[in-house]
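If you're matching them up, the sequences are chains A and B in order.
Under the numbering used here, the first residue of the first sequence is numbered 1, with each subsequent residue one higher.
Under the numbering used here, the first residue of the second sequence is numbered 1, with each subsequent residue one higher.
What follows is a set of notes on a single structure, which appears directly below.
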Amino acid sequence: MKAGNLLRIESKIAVDHERIYRAHQTRILNLCRLLLRDTDEAEDVAQEVFLRAFERLTSQEPPTVWEAWLVRVAVNACRDRQRSGWWKSRTRRGDLDELAPWLSSSSEESARTREWQARLWQQLRTLKSKQRNVFVLRYIEGWSTNEVAETLGLSAAGVKTHLFRAVRHLRKAVER
Amino acid sequence: MKTCLDEKSLLSLHDGEGARADRSHLESCLDCARRYRRLTDDLKEIVAALKQPAPPAARRNPLAYSGLQWSLAAGIVAIAFLFGRMTTAGTRRTGSIAAAPQSSEQLASSQPPALGDSAASAAASYGLYIDSLFEQQEEPDQNLVATEDTWDTDSYGL
């Protein structure tokens with residue numbers, strides 16, 4: 001009886017984890033990639049995030065809103081990665097992803113759109129970590145200024161300044 | 001024109017955080033309204049593009065990654081080589097100063113030096129003692145070779 005219950009609980013946890021993974025995997029991976037600029041690292045961090053989600057499912061009370069919890073864990077994990085000495089040295093060496101040249105497109109308009117998108121991603125790559133983090137959380141994730149400030153350990157005025165610089169930098173890619 | 005809003009103020013207004021005076025200026029100034037609209041459009045476009053999956057990333061050159069590892073390995077090998085050379089040179093130098101045994105047979109038969117010797121001479125003697133053991137192993141046993149030859153020729157009647 002007890003063994004049967006245990007099995008049922010384990011299979012329920014596995015099913016829940018699978019459901020959470022399927023629902024949020026793309027979003028978390030994209031967020032990590034935006035914050036880290038590196039596909040391999042982003043995949044590593046995303047895996048770490050879902051591992052923590054699994055631990056959370058098995059050991060503690062699960063969060064009521066998984067999405068917010070996952071995003072917060074992912075942001076913190078990315079920040080930890082950015083703060084490590086190894087990551088800083090890698091960033092200095094420019095040892096990060098290069099965007100692959102876009103494949104030739106059938107229509108001229110589509111080719112132009114892809115070209116400016118590539119330029120935009122390139123601009124995002126060259127943003128400073130704080131500016132990129134602030135921009136991604138504020139505009140891509142839709143957090144409020146205070147939430148961003150609290151999470152990143154900045155003042156509200158600091159967030160606005162970083163945001164302004166990030167926007168100014170990214171708009172250069174839009175100027176056609 | 002002097003009171004026109006700067007980009008930072010326009011961004012604050014876009015985020016719903018600007019001052020009331022700035023907002024009223026925006027409503028009355030055509031130039032600022034045009035710049036504001038452009039900023040809004042650009043941001044919309046940027047955010048929409050970044051919400052799309054990222055473009056394919058070119059894989060990094062693995063050589064760039066392994067560069068550090070290779071130089072580290074080369075450094076370790078170089079240090080090990082230099083250390084080995086220095087140790088050998090030191091042993092030989094001190095060995096010549098110390099009273100060295102006359103022949104390899106004498107060395108092979110000799111016992112390891114006593115621990116009571118001074119450190120330099122003890123190290124030198126140990127080095128020579130180990131060298132002699134190696135030499136003894138490398139030298140072919142003439143008696144054994146001769147015996148084998150004899151056995152071969154005898155057994156085949158050659």
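Here a beta-carbon is modelled for each residue, glycine too, at the ideal position from N, C-alpha and C.
Between the CA atoms of residue j and residue i - distance to the nearest angstrom
| i | j | result |
| --- | --- | --- |
| A/A23 | B/W70 | 42 Å |
| B/D41 | A/Q25 | 29 Å |
| A/T151 | A/A77 | 12 Å |
| A/W102 | A/S59 | In this prediction, A/W102 has a pLDDT of 46, which is less than 50 and means its spatial position is unreliable; what the coordinates show is noted afterwards. The straight-line gap from Cα to Cα measures roughly 45 Å. |
| A/V136 | A/K160 | 13 Å |
| A/K12 | A/R27 | 24 Å |
| A/Q117 | B/L50 | 8 Å |
| A/G158 | B/A74 | 46 Å |
| B/D22 | B/L13 | 8 Å |
| A/A3 | A/H17 | 21 Å |
| B/S24 | A/E48 | 49 Å |
| B/S28 | A/G142 | 29 Å |
| B/F78 | A/S84 | Rather than Phe, the amino acid found at residue 78 of chain B in this sequence is Ala. Computed Cα separation, rounded: 30 Å. |
| A/E147 | A/E41 | 25 Å |
| A/L51 | A/E67 | 15 Å |
| B/T3 | A/E108 | 42 Å |
| A/G153 | A/R72 | 14 Å |
| A/E61 | B/E7 | 46 Å |
| A/R112 | A/R119 | 11 Å |
| A/I9 | A/R79 | 34 Å |
| A/A53 | A/L36 | 20 Å |
| A/A149 | A/V167 | 17 Å |
| A/L70 | A/E55 | 13 Å |
| B/D131 | B/T88 | 11 Å |
| B/Y36 | B/K44 | 12 Å |
Contacts that residue i makes with chain B (C-beta to C-beta distance below 9 Å)
| i | result |
| --- | --- |
| A/R125 | Within 9 Å Cβ-Cβ: nothing; A/R125 doesn't reach chain B, min ~10 Å. |
| A/K160 | K8, L11, S12, D15 and E17 |
| A/F164 | E7, K8, L11 and S12 |
| A/L120 | E45, I46, A49 and L50 |
Counted within 10 angstroms of its Cβ, other Cβ atoms place residue i as buried (16 or more) or exposed
| i | result |
| --- | --- |
| A/L7 | exposed |
| A/A46 | buried |
| B/F81 | exposed |
| B/R34 | exposed |
| B/I46 | buried |
| A/N133 | buried |
| B/L10 | buried |
| A/Q131 | buried |
| A/R81 | buried |
| A/D38 | buried |
| A/S110 | exposed |
| A/S155 | exposed |
| B/F83 | exposed |
| A/V15 | exposed |
| A/A74 | buried |
| B/A48 | exposed |
| B/L72 | exposed |
| B/L30 | exposed |
Partner residues on chain A for residue i, Cβ-Cβ distance less than 7 Å
| i | result |
| --- | --- |
| B/D42 | R171 and V174 |
Residue closest to residue i, alpha-carbon to alpha-carbon, out of the options
| i | options | result |
| --- | --- | --- |
| A/V65 | A/E55, A/I20, A/C32 and A/S129 | A/I20 |
| A/R165 | A/S129, A/E48, A/L36 and A/D38 | A/S129 |
| B/A19 | B/L5, B/D131 and B/C29 | B/L5 |
| A/E175 | B/L30, B/L39, B/E17 and B/E7 | B/L39 |
| B/E17 | A/S144, A/E115 and A/N30 | A/S144 |
| A/L127 | A/R52, A/H162, A/T113 and A/S155 | A/H162 |
| A/Y139 | A/A3, A/L34 and A/T113 | A/L34 |
| B/P53 | A/L57, A/E108 and A/L31 | A/L31 |
| A/E43 | A/E55, A/R56 and A/L29 | A/L29 |
Amino acids of chain A, ordered along the chain, whose beta-carbon sits closer than 8 Å to that of residue i
| i | result |
| --- | --- |
| B/A73 | Under the 8 Å cutoff, chain A gives no residues; its nearest Cβ is about 18 Å from B/A73. |
| B/V47 | Y139 and I140 |
Proximal residues of chain B, C-beta to C-beta of residue i below 8 Å
| i | result |
| --- | --- |
| A/T145 | D15 and E17 |
| A/L51 | Chain B residues near A/L51: none, gap ~23 Å exceeds 8 Å. |
| A/R168 | E7 |
| A/L31 | Those within 8 Å of A/L31 in chain B number zero; the least Cβ separation is about 10 Å. |
Contacts of residue i in chain B (Cβ-Cβ under 7 Å)
| i | result |
| --- | --- |
| A/N133 | Residues of chain B passing the Cβ test: none, with the nearest at roughly 13 Å. |
| A/L34 | L50 |
| A/L70 | Those do not exist, as A/L70 stays about 17 Å from chain B at its closest Cβ, beyond 7 Å. |
| A/L152 | Within 7 Å Cβ-Cβ: nothing; A/L152 doesn't reach chain B, min ~16 Å. |
Cβ pair count under 8 Å reaching 3, the region 122 to 132 of chain A against the region 159 to 176 of chain A: yes
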